[in-house]
Every structure is written in structure tokens, then in C-alpha cells.
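Going by our numbering, the first residue of the sequence shown is number 889, and it counts up by one from there.
In what follows, a single structure is set out as C-alpha cells and then discussed.
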Amino acid sequence: MKLFAGSIMCADQMNVEEEVKKVEASDCTLWHCDVMDGVYVNNLALFPEWLAALKKITVLPLDIHLATVTPEKYINMFAPIEPKNITFHIETTDNAEELIDLIHSKGIKAGIALNPETPLEIVYPYLESIDLLLVMTVNPGFAGQAIQPETIEKVKKIRKHLLNIENPPLIQVDGNINFETIEAMDNAADIYVLGTSALFHNKDHTTYYERVARLKGAGGK
């Protein structure tokens, strides 16, 4: 069963409450929240106070993706908001197991993200410890990028590998997710992050509910 997360960074920032209502009326089950520090990626996004305010006006849980250096600092900074998930980049740490334990100690599900060029094998030692594996299909930092085609096979590869894991993490994908890319992945992912083209800035004059409903039908599952 496919699940969908709306990327709050891609929503109309001047009309957030209206956007929240429309996404909640669709079949999205999470808010994907890209936290950016201007160091790991050349962009800034989503501070703790902003996400605390978002949490007050939504019924959907928050899924925090740390596109930052020093992830332990940001884990401690965002944990009081009580998100459902906190995901850090494997490329930013030599102490992944410690970060996973830190997140779990706060009653939050732990995820690892990896960039398009990062080999899957680097996360294999942690697959039985994490709850979520975020496969970036574009480089983190900016919305509106074209998907990197090789990442489609990467998602399929990790799905096959997880068949050997007793309690596998959910696979999340982020970056130019739309009907065509979901079909190309053969439903290999569990959670699809919807951003600019698929949800918020689509100009086909359909509702958010209709857009997500169409995406649910991609690949026939």
C-alpha cells in the first residue's frame, strides 16, 4: 500500500493554513519537513518554531528530514516538537548508530537518508535498527529538480534487499515524484514525498484529493 507525504517546503508559504486543510482532505498521511542549515545544502528551511506552529494547526504527524551537518544538534533541537520521524543523512556522520539510539531514546522513529550518488551498501549495517530509509532521487536542497534516472533502479534494489531483513524499515522516496516516476519504480517504495509538480503547483485544476487519488493508482497497487 502506497503512502503519501506532502512536502511543506513546497506549499504556498503565504497561505499555509489553507494548504494544510487541502492536504489533510487528500490521502496524504504525513507532512514531510525538510530542515536545511545552509551548510550541508545551499538553502535554509524550516526552523523549530515554524514546525511547532505547523503542528498546532494540523492533525498529520511531522516527518523531519535533516539536510544538515552536525545532525545530533538538530535532533536535540527538534525532538521537543515530538515529530513521528527524524531522518539524518548518512553522509554527515561517522556515528550513525549513536544517532539512531539518540532519536529512539526520545520516543521518535529514526531514519537514514542517502543522496543519489551514495551507494546503498553504506546503510546495510543499520537496516535492522532504523524505521525509515529515505532514498533521495534528486540532490537535496531545492524543489523542482529532474529525477536522477539511476535512482529508480536503486529503489528497486533496496526493496529486493529488504526481503532478507526480518523487520525492514519503510522505504521513502523524495525528488520529482509523480505518476510516471511511481510507475517506473514498480511500487518499490512505501512512502512517496509529494512536492511541487505532483501536488502543490500542479496546474491541471484538480483538487489535492484528486491528485493524490490518481497517484495511488500508479502501478496498479
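Beta carbons: idealized from backbone N, C-alpha and C, even for Gly.
Under the three-state DSSP convention, the category residue i falls into
| i | result |
| --- | --- |
| residue 933 | strand |
| residue 871 | With the chain covering 889 to 1109 only, the question about residue 871 has no answer from this structure. |
| residue 914 | coil |
| residue 1085 | helix |
| residue 1017 | coil |
| residue 923 | strand |
| residue 1092 | coil |
| residue 1035 | coil |
| residue 940 | helix |
| residue 1106 | helix |
| residue 1097 | helix |
| residue 1023 | strand |
| residue 1012 | helix |
Residue i versus residue j - alpha carbon distance
| i | j | result |
| --- | --- | --- |
| residue 929 | residue 1098 | 33 Å |
| residue 937 | residue 1102 | 34 Å |
| residue 1093 | residue 1087 | 11 Å |
| residue 946 | residue 912 | 8 Å |
| residue 955 | residue 1028 | 7 Å |
| residue 960 | residue 1035 | 29 Å |
| residue 1044 | residue 1014 | 18 Å |
| residue 996 | residue 1038 | 31 Å |
| residue 1104 | residue 1060 | 15 Å |
| residue 922 | residue 1053 | 28 Å |
| residue 999 | residue 991 | 9 Å |
| residue 1048 | residue 967 | 32 Å |
| residue 1003 | residue 1062 | 10 Å |
Where residue i falls, given that 16 or more other Cβ within 10 Å makes a residue buried
| i | result |
| --- | --- |
| residue 993 | exposed |
| residue 1019 | buried |
| residue 1016 | exposed |
| residue 939 | buried |
| residue 902 | exposed |
| residue 976 | buried |
| residue 953 | buried |
| residue 1089 | exposed |
| residue 982 | exposed |
| residue 1025 | buried |
| residue 1064 | buried |
| residue 944 | exposed |
| residue 1010 | exposed |
| residue 1082 | buried |
| residue 984 | buried |
| residue 927 | exposed |
| residue 932 | exposed |
Range covered by the alpha helix (DSSP H) that runs through residue i
| i | result |
| --- | --- |
| residue 975 | No alpha helix (DSSP H) contains residue 975, which is instead part of the beta strand (DSSP E) from 973-977. |
| residue 1072 | 1067-1072 |
| residue 984 | 984-993 |
| residue 963 | 959-966 |
Any non-hydrogen atom of the ligand NAP closer than 7 Å to residue i Cβ
| i | result |
| --- | --- |
| residue 1037 | Among the ligands in the structure shown, none appear at all, so the ligand NAP cannot be discussed. |
Endpoints, beta strand (DSSP E) assigned at residue i
| i | result |
| --- | --- |
| residue 1059 | 1058-1062 |
| residue 1002 | 997-1002 |
| residue 951 | 950-955 |
| residue 891 | 891-895 |
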